[in-house]
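Inspection log for the structure reproduced underneath, given as structure tokens.
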Amino acid sequence: MLSNGTAEVIDDHEYPATTEELIEDCGDRVLELPNGSETVSDVLARLESETFESADDAHLAVYSAVSNKAVGRVGYSDRDPTPVGSPYSPDAVSF
């Protein structure tokens, strides 16, 4: 997800760093997501202002704040039973 050099820019930033400093430094970077894209600025703006102690903290913040454009089907879980009437339901088996 952190392609086009975004991860490296975050890694190279001097820490500790605030949310605002990261937005200023790499906010215009575009994150390509499975269902679209958004900028680092858009992502970090969803968070409260905080101070990141390391690049790992900043990476985790970006990963945790991306929109639903970063997931496959919204609300999908392979652990839940298939809803009744879904076109993805398996064929009924009779015993």
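According to the UniProt record's numbering, the stretch in the sequence shown is residues 1 to 95, in order.
We put the CB at the ideal spot given by N, CA and C, even for glycine.
Element boundaries [alpha helix (DSSP H), containing residue i]
i	result
Glu20	Thr19 to Cys26
Ser41	Val40 to Leu44
Cβ pair residue i, residue j closer than 7 Å
i	j	result
Lys69	Gly36	yes
Ala58	Leu22	yes
Pairwise C-alpha distance: residue j and residue i
i	j	result
Tyr63	Glu14	19 Å
residue 97	Ala7	Nothing can be reported for residue 97, as the shown portion of the chain is limited to 1 through 95.
Ser49	Ala61	11 Å
Residue closest to residue i, alpha-carbon to alpha-carbon, out of the options
i	options	result
Leu47	Glu53, Val66, Val30 and Ile10	Val66
Val9	Asp25, Thr18, Glu20 and Thr19	Asp25
Same chain, Cβ closer than 8 Å to residue i, five either side skipped, listed in chain order
i	result
Pro34	Lys69, Ala70, Val71 and Gly72
Same chain only: Cβ atoms within 6 Å of residue i, ignoring 5 sequence neighbours per side
i	result
Pro16	Thr51 and Glu53
Minimum Cβ-Cβ distance from residue i to chain B less than 7 Å
i	result
Ala17	Reference to chain B is not applicable here, since this structure consists of a single protein chain.
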